Amino acid sequence: MRDLMQDWEMRVSRIIDHAAKYHGNRPITSRTVEGPIETTNWREVRDDALKVSQGLVGLGVKPGEPIGVMAWNTARHLKVWYGVSGSGAVLHTLNPRLSGDQLVYIINHAEDTMLMVDFDLSAVIAPIVDRLETVKKIIIMTDREHMPDNIQGAICFEDWIAEQDGDFDWVEGSERDACGICYTSGTTGNPKGVVYTHRSNVLHALAASSPDVLNMTSRDTLMPVVPLFHANGWSIAYTAPMNGAAMVMPGRDMTPAGIYEMLEHGVTFTAAVPTIWLGMLQYLKETGKTFSTLSRVVIGGSSCPRAVIEAFQDNYGVRVFHAWGMTETSPLGTTSSFKPEIEVLSDKEKVDVQTSVGHPPFSVDLRITDDEGNELEWDGQTQGRLWIRGPGVVKQYLKKGEDATVGGNWFDTGDVATMDENAYVRITDRSKDVIKSGGEWISSIDMENAAVAHPGVAEAAAIGIPHPKWDERPILVIVKAPDADPDPAEIVELASEGLAKWQRPDDVVFMDELPHTATGKISKLHLRQQLEKMDYKLPEFRG
Ligand code: ADP
1 MRDLMQDWEM RVSRIIDHAA KYHGNRPITS RTVEGPIETT NWREVRDDAL
51 KVSQGLVGLG VKPGEPIGVM AWNTARHLKV WYGVSGSGAV LHTLNPRLSG
101 DQLVYIINHA EDTMLMVDFD LSAVIAPIVD RLETVKKIII MTDREHMPDN
151 IQGAICFEDW IAEQDGDFDW VEGSERDACG ICYTSGTTGN PKGVVYTHRS
201 NVLHALAASS PDVLNMTSRD TLMPVVPLFH ANGWSIAYTA PMNGAAMVMP
251 GRDMTPAGIY EMLEHGVTFT AAVPTIWLGM LQYLKETGKT FSTLSRVVIG
301 GSSCPRAVIE AFQDNYGVRV FHAWGMTETS PLGTTSSFKP EIEVLSDKEK
351 VDVQTSVGHP PFSVDLRITD DEGNELEWDG QTQGRLWIRG PGVVKQYLKK
401 GEDATVGGNW FDTGDVATMD ENAYVRITDR SKDVIKSGGE WISSIDMENA
451 AVAHPGVAEA AAIGIPHPKW DERPILVIVK APDADPDPAE IVELASEGLA
501 KWQRPDDVVF MDELPHTATG KISKLHLRQQ LEKMDYKLPE FRG
C-alpha cells in the first residue's frame, strides 16, 4: 500500500513556530551580556529569528554554510540559534574557553564563513582573526553603544536586525540537511566535529522531553546553566520551546551568587555539570539561602557525587536527575528517573539508583561488551565497554571519511559501564582513565565521588600511577575546600569505603587546583603530565 500520510519535514524551525503560535506569551527572562535583566517571549524570539535569517540570506549566506556562534546563554542567543538554522545555514556553536589554537583549528576545519559573537567575546576572536581562513564576516551580538573596536569591519547585530522587516519565510529543505555542528572538547588529540541534522535534533528533543527523561511541560520554567555551546546545549534550546516552557537565561555570570539570583526568577527546572552545583551548595550553606521555586535539576557531563544528590534532595527539596550523554549522542543517552521497580525501594536505595545514570528512552539503544565485542550480562557487576546507537548518534565525524561505528551502527562511547537487570547504567570510568591494578579495574569515579563527601575536600581526581608489579596503583589528587586542612588518612578511609584492600588509594597528593577541559571536566591527561613533571613517586618508591 502507498504511503498516505503528509510529508512534514522535521526541521527545527517548526519547533520555534510551534512555541510562538501556541505558547507565544511565555516569558523568557534573560541577563543580557550588557548587564540589565530583560524579558521577552517565544513570539518575539521567533520574530527576531526570522530577521536574523532574512539578514543572513541578505548577506549572501547559502544553505549548508556553517556559521560559528560564540555566545553566552541569553535570549539573543536563542534568536541567533533559530535564525541561523532557519536560514538554511548550519549553527556551529563555539566554546570561548577553548585555547586560541583549538578555536583556529575548529573554525578552519568546519570552514565557518561567518562568526556571530557576544561583544565581550570579541576579545577571544580578535587575537586569532588573522588566522581564520574561511571567515568573511563577523557580527558582534550587541547594540551600537557596546560595539568593541578590536575587530575591523565587524557588523553591529542590533543595527543589522533593525534593517530587516521580518517579512520572510524560513528557508525550506530536507529534514536530513545539516542543522548544527558541535566539536568534542578534544581531551585526546584534536577536537572532532559532530554534525547534527534537523531530523536528529527534532527526534532527540522529542525523546529528551518525554516523561521518563526531562518530563518537560508548559508549566516549567527552565534555566540552562549548561552553556548552549556545550554538547548541543543538552538540547534545551529545542526541548523548552517544543513544550512551550518558559525560560530564564543566566547570561555570562557563572558565579554561584549570579546563578542563584537568576534561579530565583521563578525557575522550576535547571541543568548543569556537577562542579557548578558543588559551588552552589557551598554558597547556600554559607548564606543560609534556599530555593523558592526550584523543584528539579538535571546533572550530567561527569559523574554526580552522592553527596550532591543528597544535599539537593534532603536540604532543599530539589529532585536530582542524573543523566549521561555525549556530544556524539545529541547528547542525552540515559536519565535516572524511577521505573516502578525502583519506586518501591527505600529512600536510601533510591539514592543508590540515582548515583547510576539511569536508563535510555526510546530512540537510544545500548549494550555493554568485553574487548572482543561479546555482549556482557546485565548483572550490575560486570563492567564493559558501553556502546550506543540511534537516530541521534553520530555516524561519521566531520571530514573524517571513515565510519565511526561498527557492526550495524554501534558507536563505542569510550566509557566503561555496568548495566543492571532493570537496564540502569552505571558509568565506572572513561576507558582511557581506567585504573588497572593486578589485572583488575578500579573505578576512579567511585573513588572520587566518595572523596568529595569529605567536608574538607573541594575536588578530587583518582588516577593510576604506573607500578612495576601491579601495572598501576591508584592515588587521589585533592583540592582542599577553602580554609580546610583535611587529614589524608581520613580521605583514604572515606574513599576506600566498600573497596577491597588492594583497591585503596596508595597516596593523597594536595594541589591548589586541578587542570580542567574547556567543558569544565578534570583533564586526567594534563594531570598525568603535571605529576610526571613533578617527578611524582608512589610512597613505596620514595628514597
Ligand atoms: P567531551 O568528550 O568533549 O568532554 P562530552 O560532553 O561529549 O564532552 O563528554 C561525554 C563524556 O562525559 C561521556 O563519554 C562520559 O565519559 C562523560 N559523562 C557524561 N555524563 C556523565 C555522567 N553522568 N557520569 C559519568 N560520566 C559522564
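The opening position of the sequence shown corresponds to residue 1 in our numbering, with each subsequent residue numbered one higher. Backbone N, C-alpha and C define an ideal beta-carbon position, used for all residues, glycine too. Computed from a prediction, not measured in an experiment: that's the story for all the values here.
Contiguous alpha helix (DSSP H) assignments of at least 4 residues, all confined to the stretch 424 to 454: Here the runs fully enclosed are 444 to 451.
How many angstroms separate the CA atom of leucine 545 from the CA atom of leucine 94? Look at the range of the chain in this structure, 1 to 543, and you will see that residue 545 is not part of it.
Does the distance between the C-beta of lysine 400 and the nearest non-hydrogen atom of the ligand ADP fall short of 7 Å? Lysine 400 Cβ: outside cutoff for every heavy atom of the ligand ADP.
Starting from aspartate 365, follow its DSSP beta bridges and name the residues at the other end. Paired residues: Arg389.
Alanine 453 to valine 351 span [Cα, whole Å]: In this structure, the CA atom of alanine 453 is about 15 Å from the CA atom of valine 351.
Mind checking whether alanine 481 and glycine 456 have CB atoms under 8 Å apart? Taking 8 Å as the Cβ cut-off, alanine 481 and glycine 456 qualify as a contacting pair.
Which value, in whole angstroms, describes the spacing of the CA atoms of lysine 399 and alanine 178? Looking at the two C-alpha atoms, the distance is approximately 14 Å.
Give the range of the alpha helix (DSSP H) segment to which methionine 242 is assigned. Unbroken alpha helix (DSSP H) run through methionine 242: 236 to 242.
Span of the beta strand (DSSP E) holding glycine 464? That run of the beta strand (DSSP E) goes 457 to 467.
Kindly indicate which three-state DSSP category serine 30 falls into: helix, strand or coil? Here DSSP, grouped into helix, strand and coil, assigns serine 30 to strand.
Specify whether the stretch 297 to 306 and the stretch 268 to 275 touch according to this definition: at least 3 beta carbon pairs, one from each stretch, less than 8 Å apart. Taking 8 Å as the limit for Cβ pairs, the verdict is that the stretch 268 to 275 does touch the stretch 297 to 306.
With a threshold of 7 Å, establish whether the CB of aspartate 47 neighbours any heavy atom of the ligand ADP. Not one heavy atom of the ligand ADP falls within 7 Å of the beta-carbon of aspartate 47.
Delimiting residues of the beta strand (DSSP E) encompassing tyrosine 545: This structure cannot settle anything about residue 545, because the visible part of the chain is limited to 1 through 543.
Using only CA atoms, which one of Ile435, Asn25, Asp483, Ala458 lies nearest to arginine 219? Per the Cα distances, Asn25.
Could you tell me which of Asn232, Lys436, Gln381 sits nearest to glutamate 421, measuring between CA atoms? With distances taken between Cα atoms, glutamate 421 lies closest to Gln381.
In angstroms, rounded to a whole number, what distance separates the CA positions of serine 209 and threonine 239? The alpha-carbon atoms of serine 209 and threonine 239 are separated by roughly 6 Å.
With a cut-off of 8 Å, do at least 3 Cβ pairs link the stretch 366 to 377 to the stretch 165 to 172? These segments do not touch.
Could you check how far apart the C-beta atoms of tyrosine 82 and alanine 49 are, in whole angstroms? I think they sit under 8 Å. Their Cβ separation, rounded to whole angstroms, is 4 Å, which keeps tyrosine 82 and alanine 49 in contact under 8 Å.
Leucine 531 beta carbon less than 8 Å from that of alanine 461: Cβ distance not < 8 Å, so alanine 461 and leucine 531 don't count as in contact.
Do you know how far the Cα of proline 474 is from the Cα of alanine 110? The straight-line gap from Cα to Cα measures roughly 39 Å.
Sorry if obvious, but does the Cβ on glycine 390 come closer than 7 Å to a heavy atom of the ligand ADP? No, Cβ of glycine 390 sits at least 7 Å from all heavy atoms of the ligand ADP.
Just the Cα atoms here: how many angstroms apart are alanine 231 and isoleucine 522? For the pair alanine 231 and isoleucine 522, the Cα-to-Cα distance works out to about 17 Å.
Per DSSP, which one or two residues make a beta bridge with asparagine 201? Checking the DSSP bridge columns, you'll see asparagine 201 has no partner listed.
Mapping DSSP to helix, strand and coil, what is tyrosine 536? In this structure, DSSP gives tyrosine 536 a state outside helix and strand, which the three-state scheme calls coil.
State the Cα-Cα distance for the pair glycine 401 and glycine 392, rounded to the nearest angstrom. When rounded, the distance between both Cα atoms is 19 Å.
Is the number of C-beta pairs between the stretch 308 to 323 and the stretch 356 to 364 that are closer than 8 Å three or more? Counting Cβ pairs under 8 Å, three or more are found: they touch.
Are the stretch 490 to 504 and the stretch 279 to 288 in contact at 8 Å, needing three or more beta carbon pairs? With the cut-off at 8 Å, the stretch 490 to 504 and the stretch 279 to 288 do not touch.
Return the chain-ordered list of same chain residues with a C-beta closer than 7 Å to the C-beta of tryptophan 378, the five sequence neighbours on each side being excluded. Taken in chain order, the residues that qualify are Met419, Asp420, Glu421, Ala423.
Whole angstroms are fine: how far does the CA of proline 66 sit from the CA of valine 12? The alpha-carbon atoms of valine 12 and proline 66 are separated by roughly 16 Å.
For lysine 348, which of helix, strand or coil comes out of DSSP? It is helical.
Count the CB pairs spanning the stretch 127 to 135 and the stretch 153 to 163 that are closer than 8 Å, and state whether there are at least three. No contact exists between the stretch 127 to 135 and the stretch 153 to 163.
Looking at glycine 408 and isoleucine 435, is the spacing between their C-beta atoms short of 8 Å? In this structure, isoleucine 435 lies away from glycine 408, with their beta-carbon atoms at least 8 Å apart.
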